[in-house]
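In full-length UniProt numbering, the protein residues as written are 1 to 327.
In structure tokens form, the structure reads like this:
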């Protein structure tokens with residue numbers, strides 16, 4: 001059974017005399033910084049000159065270079081993009097770390113696959129909110145929060161978990177629940193879920209559903225509504241009520257057709273290939289591929305994205321979204 005931490009389990013006063021440097025002021029960084037400041041935590045921002053630097057300053061934070069922010073902090077939250085982190089780590093973070101500091105990651109990718117190797121005399125923890133940055137902030141503001149995962153990679157001080165949970169509480173995560181995990185479990189399940197279901201699998205399923213109907217002679221606009229637009233309504237039902245609740249929330253015809261035809265379309269062969277994709281994550285093959293792709297300028301990624309952008313389904317979708325927004 002998973003260990004879940006709630007507000008009552010966490011002492012926020014651990015942070016009362018600490019300075020937390022949020023490194024990066026993108027969607028997650030901004031959300032964390034604002035939430036923790038609202039919780040009474042001393043926050044500074046480490047970011048390179050640019051729009052994010054200016055925005056953080058406009059919103060009332062002390063803003064420094066990444067190097068200077070690390071020097072001034074007791075705790076650092078590394079909220080930079082995954083592929084940016086290793087170079088910034090070696091150039092600006094690692095040289096300025098001090099004994100007993102606490103280093104927080106929001107995703108375990110670089111630790112799990114050895115792209116970042118922290119020194120032995122600091123705490124290294126993971127706090128991974130299970131929601132986009134906008135939701136992290138919006139839910140906090142309305143008095144609630146989003147769930148998160150917490151893990152300890154390195155506990156030099158003996159207080160790594162307590163400090164991580166305090167930061168999680170300052171962000172509102174323990175209002176909902178923070179599940180204890182490991183860097184490996186968080187990283188691998190995150191990547192597997194993205195590839196097999198949330199981004200890769202879902203995108204391909206929607207595209208194929210649309211294309212099959214168009215190839216059978218149905219109007220693209222009608223196919224888009226049936227294969228893609230209504231998918232949000234189904235996901236909303238699942239989010240609100242679970243799988244059974246969704247099934248009970250659709251017509252009996254949809255329920256019977258879905259339960260009988262779904263396993264024919266998404267069959268054991270699909271599940272086998274999902275397992276193969278999952279093994280590529282677990283054995284590091286995907287990480288090596290992604291690092292190499294990024295180092296080559298992400299040319300393949302840009303080409304694949306362009307194919308989606310130029311597809312019929314995307315063109316029809318844009319026309320219909322504009323129609324639904326107008327008036």
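Glycine is no exception: its CB is placed at the ideal position from the N, C-alpha and C atoms.
In this text, all values refer to a predicted model and were calculated from it rather than measured experimentally.
Between the Cα of residue 262 and the Cα atoms of 209, 240, 188, which residue gives the shortest distance? The residue given as residue 262 occupies position 262 in the chain shown. For the residues 209, 240, 188, the minimum Cα distance to residue 262 belongs to 209.
DSSP three-state label for residue 105, please. Mapped onto the chain shown, residue 105 falls at position 105. In the structure shown, residue 105 sits in a strand (DSSP, three-state: E or B).
Measure the beta-carbon distance from residue 187 to residue 109 and round it to whole angstroms, keeping in mind my assumption that it falls under 8 Å. Position 187 of the chain shown holds residue 187. Position 109 of the chain shown holds residue 109. At roughly 5 Å, the Cβ-Cβ gap stays under 8 Å, so residue 187 and residue 109 are in contact.
Opening and closing residue of the beta strand (DSSP E) in which residue 178 lies: Translated into the one-based positions of the chain shown, residue 178 becomes position 178. Run containing residue 178: 178 to 180, per the beta strand (DSSP E) assignment.
What are the boundary residues of the alpha helix (DSSP H) that includes residue 193? What you label residue 193 is simply residue 193 of the chain shown in a count that begins at 1. Counting along the chain, the alpha helix (DSSP H) containing residue 193 begins and ends at 183 to 193.
On the three-state DSSP scale, how would you describe residue 59? In the chain shown, the residue the question calls residue 59 occupies position 59. Residue 59: coil per DSSP, three-state reduction.
Compare the C-alpha of residue 203 against each of 313, 321, 11 and name the closest. Taking the chain shown and counting its residues from 1, one reaches residue 203 at position 203. Among 313, 321, 11, the Cα nearest to that of residue 203 is on 313.
Which whole-angstrom value describes the C-beta separation of residue 31 and residue 72, a residue pair presumed to lie in contact below a C-beta threshold of 8 Å? One-based indexing of the chain shown puts residue 31 at position 31. One-based indexing of the chain shown puts residue 72 at position 72. The pair is not a contact, with the Cβ atoms about 21 Å apart (cut-off 8 Å).
According to DSSP, residue 151 sits in a beta bridge with which residue or residues? Reading the chain shown from its first residue, position 151 is the one you call residue 151. Within the DSSP secondary-structure output, residue 151 pairs in a beta bridge with 126.
DSSP three-state call for residue 18: helix, strand or coil? Here residue 18 refers to the residue found at position 18 when the chain shown is read from its first residue. Three-state DSSP puts residue 18 in coil, outside helix and strand.
Report buried or exposed for residue 106, applying the criterion of at least 16 other Cβ atoms within 10 angstroms of its Cβ. Here residue 106 refers to the residue found at position 106 when the chain shown is read from its first residue. With 16 or more Cβ atoms within 10 Å of its Cβ, residue 106 is classed as buried.
Residue 42 in three-state terms, based on DSSP: Residue mapping note: residue 42 aligns to position 42 of the chain shown, counting from 1. Looking at residue 42 - three-state DSSP - the assignment turns out to be strand.
Residue 306 to residue 96, Cα distance in whole Å? Your numbering for residue 306 matches position 306 in the chain shown. Your numbering for residue 96 matches position 96 in the chain shown. Taking the straight line joining both Cα atoms gives about 40 Å.
Within 8 Å, strictly: CB atoms of residue 230 and residue 213: Residue mapping note: residue 230 aligns to position 230 of the chain shown, counting from 1. Residue mapping note: residue 213 aligns to position 213 of the chain shown, counting from 1. Not closer than 8 Å, so no.
Let me know if residue 199 comes out buried or exposed under the rule of 16 or more other beta-carbons within 10 Å of its beta-carbon. For the purposes of this step, residue 199 is identified with residue 199 of the chain shown, where counting begins at 1. Counting Cβ neighbours within 10 Å, residue 199 comes out exposed, since fewer than 16 surround it.
Rounded straight-line distance, which links the Cα of residue 281 to that of residue 191: In the chain shown, residue 191 corresponds to position 191, counting from 1. In the chain shown, residue 281 corresponds to position 281, counting from 1. C-alpha separation (whole angstroms): 7 Å.
Would you mind working out which of 84, 25, 169 sits nearest residue 55, comparing C-alpha positions? Looking up residue 55 in the chain shown gives position 55. Residue 55 has its Cα closest to that of 25, out of 84, 25, 169.
Mind checking residue 102: buried by the 16 CB within 10 Å criterion, or exposed? Start at 1 with the first residue of the chain shown, and residue 102 comes out as number 102. Counting Cβ neighbours within 10 Å, residue 102 comes out buried, since at least 16 surround it.
Report the rounded CA-to-CA distance for residue 88 versus residue 251, giving the unit in angstroms. Sequence index remark: in the chain shown, residue 88 carries index 88 (1-based). Sequence index remark: in the chain shown, residue 251 carries index 251 (1-based). Their backbone Cα atoms lie some 53 Å apart in a straight line.
Helix or strand or just coil, what does DSSP make of residue 78? Reading the chain shown from its first residue, position 78 is the one you call residue 78. Residue 78: strand per DSSP, three-state reduction.
Under the rule that 16 or more other beta-carbon atoms within 10 Å means buried, what is residue 253, buried or exposed? To locate residue 253, count along the chain shown from 1; it is residue 253. Residue 253 is exposed by the Cβ-count criterion.
Looking at the structure shown, is residue 64 part of a helix, part of a strand, or coil, going by DSSP? As a position in the chain shown, residue 64 is number 64, starting the count at 1. Here residue 64 sits in strand by DSSP.
Which class does residue 23 belong to by DSSP, given the choice of helix, strand or coil? Along the chain shown, read from residue 1 onward, the residue named residue 23 stands at position 23. If DSSP states are grouped into helix, strand and coil, residue 23 belongs with the strands.
Roughly how many whole angstroms lie between the Cα atoms of residue 23 and residue 244? Position 23 of the chain shown holds residue 23. Position 244 of the chain shown holds residue 244. Their backbone Cα atoms lie some 42 Å apart in a straight line.
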